[in-house]
Amino acid sequence: MAPIVWKLIQIAIVGATYAVARYGPDEGFTARVGWLGCFSILESIALFGYFIYARVIWPLYLTPLTKLPQVKGGSWLNGHFRDIFMNGTGECERRWMYQVPNEGFVYYRSLLNMQRVIVTSPQAVQHIATHTDDFKKPSPAKAIAGKVLGEGLVLAELDKHRHQRRVFMPIFAPQHIREMFPIFWGKTREVTQKLTQHVLESQTVPWSKSEGAVFEIGNWSSRAALDIIGMATLGADFGSIQDEDAPMATAYRQSIEPSRGHVAHAMLKVFIPEWYVDMLPDKWNSAQDNAVPIIRGEFRRLLRERRLKEAEKTNTGKDLLSLCFKYAETANADEEDTIDQMATFLAAGHETISVGITWSIYMLCLHPEWQPILREEARRIFPDPNAEDEKNGAGVTSADLDNMPMMQAFTHEVLRWLPPIPQNMREPLRDVVIDGVLIPKGTWIVVPFKGLQRDTRFWGPDAGVFNPHRFLNPDGTFKPSGGCTNKYTNLSFFQGSRSCVAQGFSKAEMACIVGAWVGRFNFELVDPELHDEEKMPITLGSLSSRPLHGLDVKWTLVDGW
Numbered sequence: 094m095a096p097i098v099w100k101l102i103q104i105a106i107v108g109a110t111y112a113v114a115r116y117g118p119d120e121g122f123t124a125r126v127g128w129l130g131c132f133s134i135l136e137s138i139a140l141f142g143y144f145i146y147a148r149v150i151w152p153l154y155l156t157p158l159t160k161l162p163q164v165k166g167g168s169w170l171n172g173h174f175r176d177i178f179m180n181g182t183g184e185c186e187r188r189w190m191y192q193v194p195n196e197g198f199v200y201y202r203s204l205l206n207m208q209r210v211i212v213t214s215p216q217a218v219q220h221i222a223t224h225t226d227d228f229k230k231p232s233p234a235k236a237i238a239g240k241v242l243g244e245g246l247v248l249a250e251l252d253k254h255r256h257q258r259r260v261f262m263p264i265f266a267p268q269h270i271r272e273m274f275p276i277f278w279g280k281t282r283e284v285t286q287k288l289t290q291h292v293l294e295s296q297t298v299p300w301s302k303s304e305g306a307v308f309e310i311g312n313w314s315s316r317a318a319l320d321i322i323g324m325a326t327l328g329a330d331f332g333s334i335q336d337e338d339a340p341m342a343t344a345y346r347q348s349i350e351p352s353r354g355h356v357a358h359a360m361l362k363v364f365i366p367e368w369y370v371d372m373l374p375d376k377w378n379s380a381q382d383n384a385v386p387i388i389r390g391e392f393r394r395l396l397r398e399r400r401l402k403e404a405e406k407t408n409t410g411k412d413l414l415s416l417c418f419k420y421a422e423t424a425n426a427d428e429e430d431t432i433d434q435m436a437t438f439l440a441a442g443h444e445t446i447s448v449g450i451t452w453s454i455y456m457l458c459l460h461p462e463w464q465p466i467l468r469e470e471a472r473r474i475f476p477d478p479n480a481e482d483e484k485n486g487a488g489v490t491s492a493d494l495d496n497m498p499m500m501q502a503f504t505h506e507v508l509r510w511l512p513p514i515p516q517n518m519r520e521p522l523r524d525v526v527i528d529g530v531l532i533p534k535g536t537w538i539v540v541p542f543k544g545l546q547r548d549t550r551f552w553g554p555d556a557g558v559f560n561p562h563r564f565l566n567p568d569g570t571f572k573p574s575g576g577c578t579n580k581y582t583n584l585s586f587f588q589g590s591r592s593c594v595a596q597g598f599s600k601a602e603m604a605c606i607v608g609a610w611v612g613r614f615n616f617e618l619v620d621p622e623l624h625d626e627e628k629m630p631i632t633l634g635s636l637s638s639r640p641l642h643g644l645d646v647k648w649t650l651v652d653g654w
């Protein structure tokens, strides 16, 4: 509606300017400013009027979305943006879906009254997940990591996404994930040994095992996840566990990890052309311009190296890049497309896994009764990660994880309670009708993963509490559904053709690290105030949701392994 009004205004301005120039008096104001001055004045008035219409009158009074239940309050110009900004990613949307009585949709406004709709029913989520041709990711979501990722599976849309998913899906077959367990466990051992060494060396009583040491969990989970995902994706050791300032680790942090630059640029790209924002001479663009060639250049080098090995019949790697040459379609894919996919797998996998590990340790601190339960299971199934002899340092297989129902239940409950990606946003490419409700083109639709995964309608009366037992059958075996009655409210990895192709990979890696760490260490929060989850500040402006100020945890060695 608004663009049509703007076009009519422009026609009126051109007509008025022509009339002034052709028929206006030879004296007076119009004569002094001329036709160009008249045009500029009328255009300025029109711009101001259109701004008020498009950013105030339309979203507050005229859009059909005002017929939906609305979040109360908000600024006349910036809607509920202040509330969103003061809370973490997805936190307001999670609360609003419960606080505002609704039948599947809640309307609210963001910066400059941008129109947004929260969907709160599985029927609406199913529509979005199955009618993928009607929606796209909002441009700010692409702005956060698009320079590095290119148009990989996460950011590609429509036919390109369908083609990529068909081409690259085979490399994530279950048998390939099973073959990667030696990679997972090898790096898990390395980071566990490194942490053990740091704990022992940091004691005031030298080499005391009882005193413990304080580490920021997000730093170590990020370093471990980056090295594991680097080995599993590219067959390359980034060396982040041993040196957090290793070249690839530094380049990755500069280009992908959330920062104020991410937030500022993403917000600017809502209103300003992306190419212009990318040209701004600021620190964030400078860091990106330095880091992106390093990352993509390394991917290109490894891709060509692997292609040469395949030609020489010496490509025996189990990493994703090596697997690309085992299938005709992936082997013949365009080089830039393959680089985009590897960058996507690296970034998306690292973010999900590192944040998932961070929240797992946080939940172990809040629910310490689970530490001895998981420790006993991990020590019974996993070999000692600190053992140096070949027997005790043996590998871990997927069958081992299958025999760990407590660990699987715990990690799945962490992903339900604190999903690393707390919400998803989609933007209709045209006016769409979802479950009988008209959603205009350009509206941002919010799918609140965290909110729907705590909904008692679908997860039972105890959905509002952290309870890993929901993922256990009465006989103690693992129950994958967790008792959820509708799969479109089980959204840690989304559903449909936009679901995460590497979710098995992520869950396995997460279980390996959490198992090894809880098997070796006891965890306690340094800040007792954070025992109240409501006082845990969450990051804003990134795709994932992590502790805003990091998470300091006391690690204490536990004997007996």
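Mapping to the numbering used here: the sequence shown position 164 is 257, numbers consecutive. For each residue, glycine too, the CB sits at the ideal point set by N, CA and C.
Membership of residue 192 in the alpha helix (DSSP H) is indicated by the continuous run 184 to 192. Only exposed fits residue 154, as fewer than 16 other CB atoms lie within 10 angstroms of its CB.
With contacts defined as CB atoms closer than 8 Å, residue 322 and residue 135 fail to qualify as a contacting pair.
Membership of residue 517 in the beta strand (DSSP E) is indicated by the continuous run 517 to 521.
With contacts defined by Cβ atoms closer than 8 Å, residue 594 and residue 327 do not form a contacting pair. Contact between residue 610 and residue 225 fails: their C-beta atoms lie close to 38 Å from each other, not under 8 Å. Of the residues assessed, residue 138 falls on the exposed side of the cut-off, its CB having fewer than 16 other CB atoms within 10 angstroms. For residue 306, the uninterrupted beta strand (DSSP E) segment begins and ends at 306 to 309. Apart from the 5 residues on each side of it in sequence, residue 219 sits with its Cβ closer than 6 Å to the Cβ of 581 in its chain, given in chain order.
Put simply, of 464, 132, 214 the residue whose alpha carbon is nearest the alpha carbon of residue 194 is 214. Using a Cβ-Cβ distance cut-off of 8 Å, the stretch 436 to 456 and the stretch 564 to 581 are not in contact, since fewer than three pairs of beta carbons, one from each stretch, lie closer than that value. Across the structure, residue 182 and residue 614 are spaced so that their CA atoms are roughly 30 Å apart.
Of all alpha-carbon atoms in 256, 145, 272, the one lying nearest the alpha-carbon of residue 492 is that of 272.
Nearest in C-alpha terms to residue 577, of all of 547, 152, 603, 304, is 547. In the three-state reduction of the DSSP assignment, residue 172 falls in the strand class. A Cβ-Cβ distance of about 10 Å is found for the pair residue 473 and residue 654, leaving them out of contact under the 8 Å criterion. In the displayed model, residue 428 falls within a helix according to three-state DSSP. Taking 8 Å as the cut-off, the beta carbon of residue 621 is found no closer than this to the beta carbon of residue 629. Here residue 565 carries a strand assignment [DSSP, helix/strand/coil]. Cα atoms of residue 324 and residue 583: separation of roughly 29 Å, rounded to the nearest angstrom. When DSSP states are grouped into helix, strand and coil, residue 464 belongs to the helix group. Here the alpha carbon of residue 540 sits roughly 19 Å from the alpha carbon of residue 506. Contact between the stretch 641 to 651 and the stretch 327 to 339 is not established, with fewer than three Cβ pairs separated by less than 8 Å. Residue burial annotation: residue 625 is exposed, with fewer than 16 other C-beta atoms found within 10 angstroms of its C-beta. The alpha-carbon of residue 172 is positioned some 24 Å away from that of residue 228. At a Cβ-Cβ threshold of 8 Å, residue 367 and residue 232 count as neighbours. When secondary structure is reduced to three states using DSSP, residue 200 falls in the strand class.
Under the criterion of beta carbons closer than 8 Å, residue 607 and residue 500 qualify as touching, at roughly 7 Å. Annotation: the continuous alpha helix (DSSP H) that includes residue 510 extends over 498 to 510. Annotation: residue 617 is outside any alpha helix (DSSP H); the continuous beta strand (DSSP E) that includes it extends over 614 to 618.
Judged by beta-carbon spacing, residue 244 lies within the 8 Å limit of residue 253, meaning their Cβ atoms are closer than that value. One thing to note: residue 129 has its Cβ no nearer than 8 Å to the Cβ of residue 208.
Residue 208: member of the beta strand (DSSP E) spanning 208 to 212, first to last residue. Counting along the chain, residue 218 sits inside no beta strand (DSSP E); it lies in the alpha helix (DSSP H) bounded by residues 215 to 223.
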